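Here is the structure we will look at, set down as structure tokens.
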Amino acid sequence: MSRFLIPLALFAGLLVFLAIGLRRDPHTVPSPLINKPAPAFQLPQLHEQAKSFSPQEMRGKVWLLNVWASWCISCREEHPLLLELARSQVLPLYGLNYKDQRSDAIAWLDELGNPYLISAADLDGRVGIDYGVYGAPETYLIDREGIIRFKHIGPLTPEVLQSKVLPLARELDK
Amino acid sequence: MKRFALHLLLLFSLAAAGGAQTAQPLAEDPEIEKRLQALSHELRCLVCQNETLAESRAGLAEDLRREIRDQMKAGKSDQEIIAFLTARYGDFVLYRPRVTPTTYLLWFGPFILLAVGLLVLYRQLKQRRTQIKQQSLTDQDRRRLEELLEASNEKEPA
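From first to last, the protein sequence lines stand for chains X and F. Sequential numbering of the first sequence, starting at 2, is according to my numbering. Sequential numbering of the second sequence, starting at 2, is according to my numbering.
Shown next, in the form of structure tokens:
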């Protein structure tokens, strides 16, 4: 009897591994930046070039940094959710305009609405490299000490926002 | 004849000059380009995950190659550049996975499987040998054998 049971058990084990493998998204690469300080930068603001934005200014606040671009199709997908989040005013939302043309980016926000308190213009993508950006949109939750606590790659969904981002933000804000 | 030889000489010298021109390095620093080529073959492009950074035409790959080139010009070693990239993108950028506790199974799994296979094979062979040894003819087998031998003897022509 064990002649058949052993291969059968091995096969079942293999099936379990394959099933787990199928359900995982190969595009979500675990970020090594979780629980590390958000990389510092100082970039001109998208709308007011003379002014700059730096994450160091956000010390003492829990906030979201959303990497977006006018050329990014998935950014359009998550945009209504970001507008809703901005209206609710539960979590300050800042943008990192990644590898974009300034005029395109501003036109995009004029057309779809601007959910960001400030967008920093990372025109050559250099800051994007520091944040390990490889597929916009990406969203970082940063705590009061400037530590990245959560990262979401791809368009933010209501589920991720309600089940992960907002509860964690509330926790960090206590 | 003399004129022909002169023409020939002129032709050769032109060819040599042309060759020398094309052989000029395209990049500013061939040494750095060589290092960049070697290193970027070891790194994964994160946008098109099954391509190396050297082969990829994705925008991010171009940016990262530029970043690596800049760092090489600034005198950073390959190790420092790899540390820079893994700090941002994780071990996933490395085409050759590091040997860490999480990758032990990946690195040593095949050898474990091989060892298990050899063990099973050895045991099977040993078992079969003892089985063959132990099996002797029963009385019934012997009688049947004699019958068969007799039958074949009778059939044989005298």
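Just so you know, even glycine gets a beta-carbon here, dropped at the ideal spot from N, CA and C. The model shown is predicted, which means the values in this text are computed figures rather than measured ones.
(message) Quick check: the Cα distance between D144 of chain X and C73 of chain X, rounded to an integer number of angstroms?
(response) Just so you know, the alpha carbons of D144 of chain X and C73 of chain X end up roughly 27 Å apart.
(request) Identify whether N154 of chain F lies in helix, strand or coil by the three-state DSSP scheme. (result) Helix.
(request) State the CB to CB distance for the pair R103 of chain X and A122 of chain X, rounded to an integer number of angstroms; the pair is presumed to be in contact (CB under 8 Å). (result) With a contact defined as Cβ atoms closer than 8 Å, R103 of chain X and A122 of chain X qualify at about 6 Å.
(message) Helix, strand or coil, according to DSSP, for G147 of chain X in the structure here?
(response) In the structure shown, G147 of chain X sits in coil (DSSP, three-state: anything other than H, G, I, E or B).
(message) For a cutoff of 8 Å on Cβ pairs, would you count K100 of chain X as touching chain F?
(response) Taking CB atoms only, K100 of chain X has a neighbour in chain F less than 8 Å away.
(message) At the 8 Å Cβ level, is V117 of chain F part of the contact set with chain X, yes or no?
(response) Not closer than 8 Å to any Cβ of chain X, the Cβ of V117 of chain F fails to qualify, so no.
(message) For V68 of chain X and P81 of chain X, I'd like the C-alpha separation in whole angstroms.
(response) In this structure, the CA atom of V68 of chain X is about 15 Å from the CA atom of P81 of chain X.
(message) Can you tell me whether P31 of chain F is helix, strand or coil according to DSSP?
(response) P31 of chain F: helix per DSSP, three-state reduction.
(message) Taking contact to mean 3 or more Cβ pairs, one atom from each stretch, closer than 8 Å, check whether the region 127 to 136 of chain X and the region 54 to 64 of chain X are in contact.
(response) When C-beta atoms of the region 127 to 136 of chain X are compared with those of the region 54 to 64 of chain X, fewer than three pairs fall below 8 Å, so the two segments do not count as touching.
(request) Can you tell me which of the three DSSP states Y96 of chain F falls into? (result) If DSSP states are grouped into helix, strand and coil, Y96 of chain F belongs with coil.
(message) Give me the chain X residues within the contact set of E68 of chain F, using Cβ-Cβ distance strictly less than 7 Å, ordered along the chain.
(response) Within chain X, the residues near E68 of chain F are I130.
(request) Please state if the CB of L84 of chain X and the CB of P116 of chain X are separated by a distance shorter than 8 Å. (result) It is a contact, given that the beta carbons lie within the stated cut-off.
(request) Jot down the residue ranges of each uninterrupted beta strand (DSSP E) in the region 80 to 168 of chain X, minimum 3 residues, whole runs only, in chain order. (result) Those beta strand (DSSP E) runs which fall completely within the region 80 to 168 of chain X and span 3+ residues are 94 to 99, 120 to 123, 139 to 143, 149 to 154.
(message) For F109 of chain F, count the other beta carbons within 10 Å of its own beta carbon; 16 or more makes it buried, fewer makes it exposed. Which is it?
(response) Note on F109 of chain F: under 16 other CB atoms within 10 angstroms of its CB, so exposed under the neighbour-count rule.
(message) At a CB distance below 8 Å, what residues from the region 94 to 118 of chain X approach chain F? Give them in sequence order.
(response) Against chain F - using a Cβ distance shorter than 8 Å - the residues of the region 94 to 118 of chain X are K100.
(message) What does the alpha-carbon distance come out to for the pair V17 of chain X and P98 of chain F?
(response) Each residue's Cα considered, the two are about 24 Å apart.
(message) My output table needs one value for P26 of chain F: the three-state DSSP class, helix, strand or coil.
(response) Caution is warranted here: a pLDDT of 42 is assigned to P26 of chain F, below 50, making its placement in the model unreliable, and the coordinate value is therefore given only provisionally. Looking at P26 of chain F - three-state DSSP - the assignment turns out to be coil, as it is neither helix nor strand.
(message) 8 Å is my cut-off, CB to CB: does L122 of chain F come that close to chain X?
(response) Cβ-Cβ to chain X under 8 Å: no for L122 of chain F.
(message) Let me check one thing: in DSSP terms, what residues is Q43 of chain X bridge-paired to?
(response) None, per the DSSP bridge assignment.
(message) Between P156 of chain X and chain F, is the shortest Cβ-Cβ distance under 8 Å, so that the two count as touching?
(response) Judged by the 8 Å Cβ criterion, P156 of chain X is not in contact with chain F.
(request) Compare the C-beta of R89 of chain F with all C-beta atoms of chain X and state if any pair is closer than 8 Å. (result) With a threshold of 8 Å between beta carbons, R89 of chain F makes contact with chain X.
(request) Report the rounded CA-to-CA distance for I119 of chain X versus A70 of chain X, giving the unit in angstroms. (result) The C-alpha of I119 of chain X lies about 14 Å from the C-alpha of A70 of chain X.
(request) Have a look at L157 of chain X and S41 of chain F and give me their C-alpha separation to the nearest angstrom. (result) C-alpha separation (whole angstroms): 32 Å.
(request) Verify the CB distance criterion: does R64 of chain F have a CB-CB separation below 8 Å to chain X? (result) Position check: residue 64 of chain F holds Asp in this sequence, whereas Arg was assumed. True, the Cβ-Cβ gap to chain X drops below 8 Å.
(request) Identify the continuous beta strand (DSSP E) that holds W72 of chain X and give its terminal residues. (result) Unbroken run through W72 of chain X: none, as it is neither H nor E.
(message) Less than 8 Å between the C-beta atoms of R171 of chain X and N36 of chain X, yes or no?
(response) Result no, Cβ atoms of R171 of chain X and N36 of chain X do not sit closer than 8 Å.
(request) Determine the chain F residues that contact P31 of chain X at a beta-carbon separation under 7 Å, and present them in chain order. (result) Going along chain F in sequence order, the residues near P31 of chain X (Cβ under 7 Å) are G91.
(request) Under 8 Å between beta-carbons, which chain F residues line up against Y135 of chain X? List them in chain order, please. (result) Residues of chain F with a Cβ closer than 8 Å to the Cβ of Y135 of chain X are, in chain order, L47, V48, L61, Y90.
(request) Please classify P138 of chain X: is it buried, with 16 or more other beta-carbons within 10 angstroms of its beta-carbon, or exposed? (result) Burial call: buried.
(message) I want to verify the contact list: residues of chain F whose CB lies under 8 Å from the CB of G61 of chain X, in sequence order.
(response) Residues of chain F with a Cβ closer than 8 Å to the Cβ of G61 of chain X do not exist; the shortest Cβ-Cβ separation is about 26 Å.
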